[in-house]
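Asks: Residue numbers (the numbering used here): 18 to 174.
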């Protein structure tokens with residue numbers, strides 16, 4: 018067996034929303050990650066969001082043609098990056114938060130609508146002095162809906 022195969026097998030996890038909430042301070046309606054399915058510390062994460070018509074933003078975006086706002090897809094990618102950063106460190110101290118501090122090269126390629134399942138794939142580019150830079154993309158049915166380079170910073174509060 019190759020190392021790549023072993024790495025893939027070791028990456029599979031099941032992190033449910035209760036554990037996600039132990040890493041992130043976000044709560045309804047702003048917690049945008051439902052589950053983590055793959056995790057390799059300091060390297061990558063794969064997470065899911067099931068998009069339903071019950072999302073509060075669909076009431077105004079748009080009534081006749083509901084579309085998930087792109088800024089919320091970016092926020093969900095940042096939350097997945099935050100989970101990767103925090104879980105890689107083991108846990109988040111009570112006086113620490115990870116803030117979304119930068120975005121580069123954001124592109125939207127496909128609309129996200131009720132009934133879609135977003136798959137977030139985030140890979141670490143660099144981590145220096147508490148600031149992580151991540152390559153992130155959101156997919157629906159294997160098609161890229163959004164991609165960006167995201168930065169998150171750990172700060173004491």
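Using N, Cα and C, we set each Cβ at its ideal position, and we do this for glycine too.
For the beta strand (DSSP E) containing residue 119, list its first residue and its last residue.
Replies: Here the beta strand (DSSP E) through residue 119 covers 113 to 125.
Asks: Out of 65, 44, 171, 123, which has the shortest C-alpha to C-alpha gap to residue 133?
Replies: 65
Asks: For the beta strand (DSSP E) that residue 134 lies in, which residues bound it at each end?
Replies: Segment 134 to 145, the beta strand (DSSP E) holding residue 134.
Asks: With a threshold of 6 Å on Cβ separation, who are the neighbours of residue 56 within its own chain once the five nearest residues in sequence on each side are excluded?
Replies: Within the same chain, residue 56 has close Cβ partners 30, 62.
Asks: List the endpoints of the continuous alpha helix (DSSP H) containing residue 35.
Replies: 34 to 40
Asks: Quick check: residue 50 and residue 91, are their CB atoms within less than 8 Å of each other?
Replies: Contact annotation: residue 50 and residue 91 have beta-carbon atoms that are not nearer than 8 Å.
Asks: Pick out whichever of 160, 110, 131 has its Cα sitting closest to the Cα of residue 80.
Replies: 131
Asks: CA-CA distance, residue 104 and residue 97?
Replies: 11 Å
Asks: Taking only three categories from DSSP, how would you classify residue 160?
Replies: strand
Asks: According to DSSP, is residue 168 part of a helix, a strand, or is it coil?
Replies: strand
Asks: In terms of residue numbering, what span does the beta strand (DSSP E) encompassing residue 57 cover?
Replies: 52 to 57
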